[in-house]
Amino acid sequence: MKADIVIVGGGVIGTSIARELSRYSLNIILIEKEDDVAMGTSKGNSGIIHAGYNADFKTLKGQLNIKSNPLFDKLCQDLKVRFKRIGSLVVGFSEKDLGKLRKLKKNGEENSLKNLEIIAGNKLFELEPNLNPQTKYALYAPSAGIISPYKFTIALADNAVINGVKVLLETEAKDIRIKESQVCSVVTNRGLIETRVIINAAGLYADQIAKTAGD
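FYI, UniProt numbering numbers position 55 of the sequence shown as 55, with every residue one higher than the one before it.
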């Protein structure tokens, strides 16, 4: 079996990459060791589409968080997956907590995130009546949302398959073979796949996959 690209891992990262690459004229194979996609870390994900105030604005994670958040409205519409922008509250119970909330707000604003607000008093409980009665402050981010992580991952995989990606379930990457400093194949429990490009999206097992390639 041959492929232009082999993606290892059928979680949200692997299926997102597969869908994106399916736009191009490439022979793409995604392999997943479980009997379905979204069976690893992705199925236990919180499903929160974060606003972007938490990750350090200087990091790639922080920058990608800000850029990716607005994409989910159209993406979920295209995939027919429910997505709700319900906003998020980071709550505080003391003046010390208020200082931490202000730092989060500043970090988000330095990352070009708008509409962040620190709220207190009755407005807190208007937004969320079930808050702990001891809550004094909260950082409100209206752009945060929620999604079903496994339904989203399955929809990404389905769309990638419709576009020509081959998904091989119960197929575990055992070894990556290198020849003259170039990837030449991946060995699986179901045979060899020849390829010059492997994308490691194996989640918790990504380090093990990388190790077989000498990384």
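Cβ coordinates follow ideal geometry from the N, Cα and C atoms, glycine included.
Coil, strand or helix - residue i by DSSP
i: LEU124; result: helix
i: GLY99; result: helix
i: SER42; result: helix
i: PHE152; result: helix
i: LYS84; result: strand
i: LYS106; result: helix
Delimiting residues of the beta strand (DSSP E) encompassing residue i
i: ASP175; result: 173-179
i: GLY145; result: 145-147
i: LEU60; result: Not the beta strand (DSSP E): LEU60 falls in the alpha helix (DSSP H), residues 60-68.
i: ILE17; result: Element bounds for ILE17: not the beta strand (DSSP E) but the alpha helix (DSSP H), 12-21.
i: LYS166; result: 166-169
i: ILE5; result: 5-8
i: TYR53; result: It is not in any beta strand (DSSP E) - TYR53 carries neither H nor E in the DSSP assignment.
Range of the contiguous alpha helix (DSSP H) that encloses residue i
i: ASN189; result: From DSSP, ASN189 is part of no alpha helix (DSSP H); its letter is neither H nor E.
i: LEU79; result: 72-79
i: ALA210; result: 206-212
Pairwise C-alpha distance: residue j and residue i
i: ILE86; j: ILE198; result: 37 Å
i: ALA213; j: LEU30; result: 18 Å
i: ALA173; j: ARG23; result: 25 Å
i: SER185; j: PRO142; result: 46 Å
Proximity of residue i and residue j at Cβ, strictly below 8 Å
i: THR195; j: LYS2; result: yes
i: ARG19; j: ALA201; result: no
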